[in-house]
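Asks:
Number of protein chains: 2
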Amino acid sequence: MFNKVVIFGVGLIGGSFARGLKQAGAVRHVVGIDRSAGSAERALELGIVDEVGTGPEAVADADLVLLATPVAQTGHILASLLPHLGPQTIVTDAGSTKTDVAAAARAALGDRVAQFVPGHPIAGRETNGPDAAIADLYQGKKFVVTPLAENRADDVERVGRAWQACGALVHRLTPEEHDKVFAAVSHLPHLLAYALVDDIANKPHADMLFQYAASGFRDFTRIAGSSPEMWRDISLANQSALLAELEAYMTQLTTLRARLAAGDGAGLEAVYGNAQRARRQWIEAIEAAEAPPPDTAE
Amino acid sequence: MFNKVVIFGVGLIGGSFARGLKQAGAVRHVVGIDRSAGSAERALELGIVDEVGTGPEAVADADLVLLATPVAQTGHILASLLPHLGPQTIVTDAGSTKTDVAAAARAALGDRVAQFVPGHPIAGRETNGPDAAIADLYQGKKFVVTPLAENRADDVERVGRAWQACGALVHRLTPEEHDKVFAAVSHLPHLLAYALVDDIANKPHADMLFQYAASGFRDFTRIAGSSPEMWRDISLANQSALLAELEAYMTQLTTLRARLAAGDGAGLEAVYGNAQRARRQWIEAIEAAEAPPPDTAE
Chain A
1 MFNKVVIFGV
11 GLIGGSFARG
21 LKQAGAVRHV
31 VGIDRSAGSA
41 ERALELGIVD
51 EVGTGPEAVA
61 DADLVLLATP
71 VAQTGHILAS
81 LLPHLGPQTI
91 VTDAGSTKTD
101 VAAAARAALG
111 DRVAQFVPGH
121 PIAGRETNGP
131 DAAIADLYQG
141 KKFVVTPLAE
151 NRADDVERVG
161 RAWQACGALV
171 HRLTPEEHDK
181 VFAAVSHLPH
191 LLAYALVDDI
201 ANKPHADMLF
211 QYAASGFRDF
221 TRIAGSSPEM
231 WRDISLANQS
241 ALLAELEAYM
251 TQLTTLRARL
261 AAGDGAGLEA
271 VYGNAQRARR
281 QWIEAIEAAE
291 APPPDTAE
Chain B
1 MFNKVVIFGV
11 GLIGGSFARG
21 LKQAGAVRHV
31 VGIDRSAGSA
41 ERALELGIVD
51 EVGTGPEAVA
61 DADLVLLATP
71 VAQTGHILAS
81 LLPHLGPQTI
91 VTDAGSTKTD
101 VAAAARAALG
111 DRVAQFVPGH
121 PIAGRETNGP
131 DAAIADLYQG
141 KKFVVTPLAE
151 NRADDVERVG
161 RAWQACGALV
171 HRLTPEEHDK
181 VFAAVSHLPH
191 LLAYALVDDI
201 ANKPHADMLF
211 QYAASGFRDF
221 TRIAGSSPEM
231 WRDISLANQS
241 ALLAELEAYM
251 TQLTTLRARL
261 AAGDGAGLEA
271 VYGNAQRARR
281 QWIEAIEAAE
291 APPPDTAE
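Which chain is which? The protein sequence lines are A and B, in order. Numbering-wise (our numbering), the first sequence opens with residue 1 and increments by one. Numbering-wise (our numbering), the second sequence opens with residue 1 and increments by one.
#1: Taking only beta carbons into account, state which residues of the stretch 182 to 198 of chain A come closer than 9 Å to chain B, listed in chain order.
#2: Cα separation between Phe210 (chain A) and Ser186 (chain B)?
#3: Using the beta-carbon count (16 or more within 10 Å), is His120 (chain A) buried or exposed?
#4: Would you say Val101 (chain A) reaches chain B, if we count a Cβ-Cβ gap shorter than 8 Å as a contact?
#5: With burial defined as no fewer than 16 other Cβ atoms inside 10 Å of the residue's Cβ, what is the status of Gly95 (chain B): buried or exposed?
#6: Using 8 Å for Cβ pairs, my map puts Pro56 (chain A) next to His29 (chain A). What's the rounded Cβ distance?
#7: At what residue ranges does the stretch 103 to 134 of chain B contain a whole run of the beta strand (DSSP E), taking only runs of 3 or more?
#8: So, helix, strand or coil for Gly160 (chain A), using DSSP?
#9: Take the Cβ of Ala104 (chain A) as the centre, count every other Cβ of all protein chains shown within 10 Å, and call the residue buried at 16 or more, exposed below.
#10: Can you check the stretch 211 to 280 of chain A for any alpha helix (DSSP H) of at least 4 residues that lies completely inside it and give the ranges in chain order?
#11: Give me the chain A residues within the contact set of Gln252 (chain B), using Cβ-Cβ distance strictly less than 9 Å, ordered along the chain.
#12: What is the rounded straight-line gap between the Cα of Lys203 (chain B) and the Cα of Glu269 (chain A)?
#13: With DSSP as the reference, identify every bridge partner of Val71 (chain A), one or two as the case may be.
#14: Mind listing which residues of the stretch 140 to 157 of chain A have their C-beta closer than 9 Å to chain B's C-betas, in chain order?
#15: With 8 Å set as the bound, which would you pick, yes or no: does the beta-carbon of Gln276 (chain A) sit closer than that to a beta-carbon of chain B?
#16: Run the proximity test for Arg158 (chain B): is its beta-carbon closer than 7 Å to any non-hydrogen atom belonging to the ligand ZN?
#17: Could you give the DSSP three-state label for His84 (chain B): helix, strand or coil?
#18: Does any C-beta atom of chain B lie closer than 8 Å to the C-beta of Thr296 (chain A)?
#19: What are the residues that DSSP puts in a beta bridge with Ile33 (chain A)?
#20: Can you list the residues of chain A that Glu287 (chain B) reaches, using a CB-CB cut of under 8 Å?
#21: Give the residues of chain A in contact with Gln164 (chain B), contact being defined as C-beta atoms less than 8 Å apart.
#22: Along the chain, where does the beta strand (DSSP E) containing His171 (chain A) start, and where does it finish?
#23: Taking Cβ-Cβ distances shorter than 9 Å, what residues in chain A pair up with Gln239 (chain B)?
#24: Whole angstroms are fine: how far does the CA of Leu260 (chain B) sit from the CA of Ala60 (chain A)?
#25: Is it right to say His190 (chain A) is buried, meaning 16 or more other beta carbons lie within 10 angstroms of its own, or is it exposed?
#26: Measure from the C-beta of Tyr212 (chain A) to each C-beta in chain B and report whether the shortest distance is under 8 Å.
#27: Going straight from the alpha carbon of Tyr272 (chain A) to that of Ala224 (chain B), what length do you get?
#28: Output the boundary residues of the beta strand (DSSP E) element that contains Ile90 (chain B).
#29: Residues of chain A with CB closer than 8 Å to the CB of Asp219 (chain B), please, in chain order.
#30: Three-state secondary structure (DSSP) at Arg152 (chain B)?
#31: Let me know the secondary structure DSSP gives Val27 (chain B) once reduced to three states.
#32: Give the residues of chain B in contact with Ala248 (chain A), contact being defined as C-beta atoms less than 7 Å apart.
#33: Please report whether the beta-carbon of Arg172 (chain A) lies at a distance below 8 Å from any beta-carbon of chain B.
#34: Taking CB distances under 8 Å as the criterion, tell me whether Glu290 (chain B) reaches chain A.
#35: Residues of chain B with CB under 8 Å from Glu269 (chain A), in chain order?
#36: Between the stretch 91 to 123 of chain B and chain A, which residues of the former have CB atoms less than 7 Å from a CB of the latter, in chain order?
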């Protein structure tokens, strides 16, 4: 049970965390702070938070502070709350990149950095803001905690328990592992989807092309509907891992281009077939993990 | 009204065409022919066809013949039915590529090629075979007719009316236009999705990567669950248009790589933002087209 939780950013991510903790009866009092006064008031009105905080002094007697704000603001917010940070307070975040967040935390908190336990909940919806926040957003989803060498084991445990209360499954990676993994399975696909839609939109016959785009194109490009500012920041924050993945992918495309130009059907089919098999195994593994255990299925 | 329709390939595409015509009361008798005797019998059992044809002589007194078979078989099937083709019979197809089909038809049918009207219904499902066939698969979807210079206007009309009876909206492109359009909005995305999944599956830490892949990755790669053989054939059949699109896309990635390496946030955001806007406009246009007309909405 947390006595007081302070959340910076009461939109989808922060608001759903508050709702999840409340639904689990895991928090007594939630204070919300948001750049947008309207969002903070709306979160209060919706019962997501119990109080609107006016500044970083709100963290003074908190058990837990969550930064659910754009990653680029992490250092600035941490620096602002440092003077008010009590020795018992743990600070965590929900950013999509972790090595930059760890570096920002070290720079901002100095010898208090042990109190900052970085993390990343792997969940989202297509909508944003306090009205999009739901108690079960994290139910069955992964929360990746990426502890710093300085963190106390108890504090890492405690952050994990908060997300578990929201229904999440806690995984642990180093910040560097985290950023390599998400460069491959999230950041690169976003860049590729944006690149394709922009490529098509810039062609002289773009209207005709879009007219014939169907459901496969719609799914393939769904992530290109995401916030350009947020994905610019993620791309830059994870620059080196994303560059490495992009280069590996371009090498792969160079191979496929050569096979296509040579009319090498077997060579194309080898790639297509391997991809189809790997994807099917992945989907089967997801479905097996999501199926109710046999004992409770009755 | 068609008196007799013969369908080669009674799976999802051919079977749904038969069901759509029957539901509209637009056909008296449907004959199904399939490489797989099991599929043909199953289509009969399900009432998709009224008769299982045993060979190309079944086309003798047909009004309309649909080839719903892999594109690579088009020439062979057309050659086999030529000796039995009456002067009143129109033949059409449902292949995903059209210039190769047009060339195969000219080679196989010679001076009877005017009787072949190529086309492509833009519809699909994730399942296949006669059991997947449904009467409303084409409802509200596009059917692209790609007439040959040799075709009679009446015959082109007649093929269009058959698909309209299934609920489709008839569009007209030349075979070359068709292949350029679908290289951009369908064939290239398939190649890109296969390439990404194969790239990840071949990494030493593939299991770890797939473990953290989430819904964005799932949507982005959904088309990599498609048949590798079919997409190998489509890639080769539309080789030159697909190569041109792939090269334009690789140029786009080269630009993005340079911007990422230079830490050029504004340059990345320009591409991401343009893509997001273009996609939003496209989705809005689709939704407007799919909304019921105001007069019928009460």
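Cβ coordinates follow ideal geometry from the N, Cα and C atoms, glycine included.
Replies: With the given structure in hand:
#1: Phe182, Ala184, Val185, Ser186, Leu188, Pro189, His190, Leu191, Leu192, Ala193, Tyr194, Ala195, Leu196, Val197, Asp198
#2: 11 Å
#3: buried
#4: no
#5: It is buried - the Cβ of Gly95 (chain B) has at least 16 other Cβ atoms within 10 Å.
#6: Not confirmed; about 17 Å, so no contact.
#7: Runs of the beta strand (DSSP E) lying entirely within the stretch 103 to 134 of chain B, each at least 3 residues long, are 119 to 121 in chain order.
#8: Helix, per DSSP.
#9: buried
#10: For the stretch 211 to 280 of chain A, whole alpha helix (DSSP H) runs of length 4 or above, ordered along the chain, are 215 to 220, 228 to 237, 239 to 261.
#11: Ala195, Leu196, Asp198, Asp199, Asn202
#12: Each residue's alpha carbon lies about 19 Å from the other.
#13: According to DSSP, which records beta bridges pairwise, Val71 (chain A) is partnered with nothing at all.
#14: Lys141, Lys142, Val144
#15: yes
#16: Ligands in the displayed structure: none, and consequently the ligand ZN is not present.
#17: In the three-state reduction of the DSSP assignment, His84 (chain B) falls in the helix class.
#18: Unreliable positioning characterises Thr296 (chain A) in this predicted model, as indicated by a pLDDT of 48, which lies under 50. A coordinate reading is not provided.
#19: A:Phe8
#20: Per Cβ cutoff of 8 Å: no residues; Glu287 (chain B) is ~11 Å from chain A at best.
#21: Those within 8 Å of Gln164 (chain B) in chain A number zero; the least Cβ separation is about 18 Å.
#22: 169 to 172 is the extent of the beta strand (DSSP E) around His171 (chain A).
#23: Leu260, Ala261, Gly263
#24: A straight-line Cα-Cα distance of about 40 Å links Ala60 (chain A) and Leu260 (chain B).
#25: buried
#26: yes
#27: 7 Å
#28: 90 to 93
#29: Asp219, Phe220, Arg222, Ile223
#30: coil
#31: strand
#32: Asp199
#33: no
#34: No, because no Cβ of chain A sits closer than 8 Å to the Cβ of Glu290 (chain B).
#35: Result: Pro228, Glu229, Arg232.
#36: Ile122
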